[in-house]
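Colleague: Sharing a structure below in structure tokens format, with a few things to ask.
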Amino acid sequence: MSAGHDDHQHGPAKGLTRWLYTTNHKDIGTLYLWFSFAMFLLGGSFALVIRAELFQPGLQFVAPDFFNQMTTMHGLVMVFGAVMPAFVGLANWMIPMMIGAPDMALPRMNNWSFWILPFAFAMLSSTLLMEAGAPNFGWTFYAPLSTTYAPSTVTFFIFAVHLMGASSIMGSINIIATILNLRAPGMTLMKMPMFVWTWLITAYLLLAVMPVLAGVVTMMLFDVHFGTSFFNAAGGGDPVLFQHVFWFFGHPEVYIMILPAFGVVSEIVPTFSRKRLFGYDSMVYATSSIAFLSFIVWAHHMFTTGMPLAGELFFMYATMLIAVPTGVKVFNWVSTMFRGSLTFETPMLFAIAFVVLFTMGGFTGLMLAIAPADFQYHDTYFVVAHFHYVLVPGAVFSIMAAAYYWLPKWTGHMYDEALGKMHFWLSFVGINVLFFPQHFLGLAGMPRRIPDYALQFADFNMISSIGGFLFGISQLVFLFVVIKCVRGGRQATAQVWEGAKGLEWEIPSPAPYHTFTTPPAIK
Amino acid sequence: MAEPQITEPEAPSASTAGGSHRARRKNSRVVLKLLATALAMFGFGFALVPLYDVLCDITGLNGKTGGRYEYSAVDSRVNTERLVTVQFMAQNNAGMSWVFKPNVKEVRVHPGQLTEVSFYARNPSAGDMVAQAVPSVSPFQAADYLHKTECFCFTQQRLGAGVEVDMPLTFFIDQDIPEEITKLTLSYSLFDITANFKRADGSLGVGALSAN
């Protein structure tokens with residue numbers, strides 16, 4: 012090897028092909044993150060159509076069928092396009108750097124698992140421009156709404172879900188292989204950062220349930236096009252079977268969207284408390300317990316389908332049991348902060364908001380877990396408020412916290428702290444104005460997924476819509492902060508944050524294109 | 002000159018990120034195992050379909066009645082001590098245009114007593130139609146004790162335009178029906194399945210009426 016060649020590391024290729032052909036985990040992480048942000052804005056704009064229509068009772072802007080298309084597309088795009096790819100992006104960027112690996116274990120597959128996503132969502136979104144309209148049966152696509160009564164575009168939806176599933180399965184295989192095989196010598200499993208742990212468990216969850224999702228949409232495909240009767244009662248099938256198979260996927264799916272968030276918060280809280288994470292071991296066990304329990308609680312989404320009493324009780328108690336490991340986590344975060352020397356930079360603000368607001372979403376989840384009470388809450392705005400509290404100030408806030416936390420490492424520049432704080436406070440206020448009144452709407456009996464409503468719900472809906480637009484527009488501040496940070500700013504140090512510990516903070520900022528080509532020594 | 006620990010100065014490209022040959026073998030072992038898991042879970046999704054039916058069958062959940070029951074001498078013992086009320090209901094699934102109703106609203110029968118009733122159906126439309134009745138028993142605990150020896154729901158019903166028909170149902174209640182069940186409801190939903198039998202020219206297929 013010639014000397015000059017040895018001394019410098021190869022930077023990225025130039026131009027568009029860098030992104031098309033890249034097998035570099037940092038490039039792919041960046042692609043995932045930008046893609047998920049684009050989907051976040053797209054799904055958010057669908058939500059704003061919904062909130063605009065619900066601003067006042069009566070039909071103002073859109074026809075009921077288009078309203079249904081908006082609720083469906085909002086859910087699908089946010090779940091599969093925004094939240095999941097954002098976490099995969101964070102995993103791509105951070106896991107190799109956190110465990111001292113040179114890259115992901117399967118870099119070419121990594122490229123592939125990202126690049127099928129834009130095609131999947133282009134296919135799904137293209138249905139909006141078709142004569143039959145986009146899918147309108149809700150993101151849970153219950154049969155027979157999604158089979159017998161579905162618009163013809165359901166086939167596009169099915170193949171889009173197949174692609175998303177393939178992407179997730181490949182992504183999770185890659186993450187597991189990386190974590191199991193590429194840890195630096197001395198990095199035992201119980202020395203791994205919490206973010207890596209939560210992603211390892213999430214990847215196993217993905218591997219277990221994404222194929223079941225692929226199976227259920229395949230059954231739909233057969234029912235719609237090949238005359239089978241998996242979910243068609245007239246042919247001996249059963250629509251309730253659909254709900255069982257769907258929620259067998261769907262419940263672990265909600266933990267897929269929150270476990271990496273737990274990991275992110277478990278990184279950020281210790282840094283800005285300048286203390287070690289309290290109860291590391293119990294965090295690992297709690298995460299594993301949550302993952303296990305997530306497989307045996309699915310029917311709590313189906314309390315009103317006519318289950319026998321024994322079934323209702325089993326799923327009710329199993330669901331409540333999840334509060335125990337989740338409580339352990341919340342306790343650990345609070346204990347980490349207890350008597351720490353806290354500072355409140357933007358990532359910490361988002362992380363603390365996460366702990367508080369996610370816990371609120373968890374409590375409404377406990378209320379919904381009580382089977383007899385669920386008969387009242389089922390399919391109302393209370394459910395909408397519940398899962399938005401765990402997903403928006405839960406999953407989404409943790410993603411934003413992660414972005415602010417690691418932006419200096421990614422770009423080499425500090426972001427604009429004042430703008431970051433402004434983004435936080437606008438989001439924090441917006442989110443609560445948006446979702447808190449929905450609890451009241453639900454308790455008062457407003458059903459979800461309706462374009463028009465009775466007059467007594469008018470005031471809270473108006474407040475909620477105002478919060479929605481505030482939250483939506485304040486995300487443009489986030490976009491601005493990120494672009495500004497990419498383009499320049501105060502030079503970041505290697506450690507970036509005073510209390511930050513871990514391998515990723517020992518390499519320079521911005522992180523070089525190739526890191527840990529020789530494994531670091533782990534003390 | 003620097004002393005790189007690795008043989009390739011460019012560091013990880015696609016072919017080397019896994020490192021040595023040994024590391025790559027380790028990777029492919031993990032990948033194969035995980036792929037097998039994913040495939041198995043895909044299969045498990047489909048296995049849930051028969052599992053669901055088996056579970057409903059064992060527990061009697063869902064109020065599904067069984068198929069044709071072979072009546073035997075053992076069943077002919079009639080328990081005249083008890084009377085069970087059997088109510089009949091009929092309803093059309095969304096979009097079904099037929100007139101469909103039971104000819105008697107309810108009967109009181111002894112367990113073991115073979116009883117025949119009938120349901121009325123008429124096709125008011127201007128074309129041939131095919132229908133399928135899907136039964137359900139309430140309370141679902143009674144489903145295992147209602148035995149049908151003959152039922153119009155075992156086959157599809159094909160009626161020409163304006164044609165009406167009385168469709169037979171023969172059943173008996175099992176002698177082992179629990180004491181606390183004194184009344185049960187047998188309900189039928191009628192589904193329009195004409196579309197499944199339509200040929201390209203719009204006529205109905207001849208072989209349409211095979212048993213269910």
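Protein chains in written order, with my numbering: chain A, 12 to 534; chain B, 2 to 213.
Backbone N, C-alpha and C define an ideal beta-carbon position, used for all residues, glycine too.
These figures come from a predicted structure and were not determined experimentally.
What does the Cβ neighbour count give for A:K25, buried or exposed, with the cut at 16 atoms within 10 Å?
Modeller: exposed
Colleague: How big is the Cα-Cα spacing for A:V403 and B:A95?
Modeller: 38 Å
Colleague: Under a three-way DSSP split, which group does B:F173 fall into?
Modeller: Strand.
Colleague: Suppose you measure from the CA of A:F386 to the CA of A:G322; what does that come to, to the nearest Å?
Modeller: 15 Å
Colleague: For a contact defined as C-beta to C-beta under 7 Å, what are the partners of A:G226 on chain B?
Modeller: In chain order: F43, G46, F47.
Colleague: From A:T528, A:F168, A:Y266, A:M181, pick the residue whose C-alpha is nearest to that of A:I333; which is it?
Modeller: With respect to the C-alpha of A:I333, the residue from A:T528, A:F168, A:Y266, A:M181 having the closest C-alpha is A:Y266.
Colleague: So which residues of chain B does A:N192 contact, with C-beta pairs closer than 7 Å?
Modeller: A24, K27, N28, V31
Colleague: Using a Cβ-Cβ cut-off of 9 Å, state whether A:V341 counts as contacting chain B.
Modeller: no
Colleague: Within 9 Å (strictly less), CB to CB, does B:L35 reach chain A?
Modeller: Closer than 9 Å: yes.
Colleague: What does A:I110 touch in chain B if you count any residue whose Cβ is under 7 Å from its own?
Modeller: For A:I110, none of the residues of chain B pass the 7 Å Cβ criterion, the least Cβ distance being about 13 Å.
Colleague: Assuming A:A171 and A:L139 form a contact by the criterion Cβ under 8 Å, report the distance between their Cβ atoms to the nearest whole angstrom.
Modeller: Rounded, the Cβ-Cβ distance is 12 Å, inconsistent with contact.
Colleague: Looking at the C-beta of A:F314, does it have a partner C-beta in chain B at a distance below 9 Å?
Modeller: no
Colleague: Roughly how many whole angstroms lie between the Cα atoms of A:A122 and A:H311?
Modeller: Here residue 122 of chain A turns out to be Asn, not Ala, going by the sequence shown. Approximately 37 Å between the Cα atoms of the pair.
Colleague: Check whether the Cβ of B:N197 lies closer than 9 Å to any Cβ atom in chain A.
Modeller: Output row for B:N197: interface = yes.
Colleague: Rank B:F120, B:N80, B:A41 by C-alpha distance to the C-alpha of B:P136 and give the top, closest one.
Modeller: B:F120
Colleague: Can you list, in chain order, the residues of its chain with a C-beta nearer than 7 Å to that of A:K286? Leave out the 5 residues immediately preceding and following it.
Modeller: T347, G351
Colleague: State the beta-bridge partners of B:P136 as determined by DSSP.
Modeller: B:Y189
Colleague: Taking all protein chains shown into account, do 16 or more other C-beta atoms lie within 10 angstroms of the C-beta of A:F130, making it buried, or fewer, making it exposed?
Modeller: Label assigned to A:F130: exposed.
Colleague: For the region 464-484 of chain A against the region 498-514 of chain A, do three or more pairs of beta-carbon atoms, one drawn from each stretch, fall closer than 8 Å, so that the two count as touching?
Modeller: The region 464-484 of chain A makes no contact with the region 498-514 of chain A; the number of CB pairs closer than 8 Å stays below 3.
Colleague: Straight-line CA distance for A:Y416 to B:P51?
Modeller: Whole-angstrom Cα-Cα distance: 49 Å.
Colleague: Would you please verify whether the beta carbon of B:A15 is less than 9 Å from any beta carbon of chain A?
Modeller: Model confidence at B:A15 stands at a pLDDT of 43, short of 50, so the residue's coordinates are unreliable and nothing is read from them.
Colleague: Could you name the residues of the same chain whose beta carbon sits closer than 6 Å to that of A:I180, not counting the 5 residues immediately before and after it, in chain order?
Modeller: M221
Colleague: Does B:Y53 come within less than 9 Å of chain A when only Cβ atoms are used?
Modeller: yes
Colleague: So with Cβ pairs under 9 Å, would you call B:V50 a contact of chain A?
Modeller: yes
Colleague: Spatial neighbours of A:Q449 within its chain, please: C-beta separation below 8 Å, excluding the five flanking residues on both sides.
Modeller: Y392, F393, V395, A396, H399, F471, S475
Colleague: Please report whether the beta-carbon of A:A1 lies at a distance below 9 Å from any beta-carbon of chain B.
Modeller: The structure shown does not extend to residue 1 of chain A, since chain A spans only 12 to 534, so no value can be given for it.
Colleague: Exposed or buried, what is B:D193 when buried is set at 16 or more other beta-carbons lying within 10 Å of its beta-carbon?
Modeller: buried
Colleague: Any C-beta of chain A sitting closer than 9 Å to the C-beta of B:G208?
Modeller: For B:G208, the pLDDT reaches just 47, beneath the cut-off of 50, and the residue's location in the model is therefore unreliable, although a value from the coordinates is still provided. Taking Cβ atoms only, chain A never reaches closer than 9 Å to B:G208, which makes this a no.
Colleague: DSSP three-state call for B:P278: helix, strand or coil?
Modeller: This structure cannot settle anything about residue 278 of chain B, because the visible part of chain B is limited to 2 through 213.
Colleague: Is the region 250-270 of chain A touching the region 294-302 of chain A in the sense that three or more CB pairs, one from each, lie closer than 8 Å?
Modeller: yes
Colleague: Quick one: Cα of A:K432 to Cα of A:S47, how far?
Modeller: 22 Å
Colleague: Using the Cα positions of A:G69 and A:L487, report the straight-line distance between them to the nearest angstrom.
Modeller: Separation of A:G69 and A:L487 (C-alpha to C-alpha, rounded to the nearest whole angstrom) is 30 Å.
Colleague: How should A:D390 be labelled, buried or exposed, when 16 other C-beta atoms within 10 angstroms of its C-beta is the threshold for buried?
Modeller: exposed
Colleague: Thinking C-alpha only, which one of A:D427, A:G22, A:Y388, A:V440 is nearest A:V493?
Modeller: For the set A:D427, A:G22, A:Y388, A:V440, the Cα lying nearest the Cα of A:V493 is the one of A:D427.
Colleague: Any Cβ of chain B within less than 9 Å of the Cβ of A:L514?
Modeller: no
Colleague: Along the chain, where does the alpha helix (DSSP H) containing A:S277 start, and where does it finish?
Modeller: Looking at the DSSP string, the run of the alpha helix (DSSP H) that includes A:S277 is 270-284.
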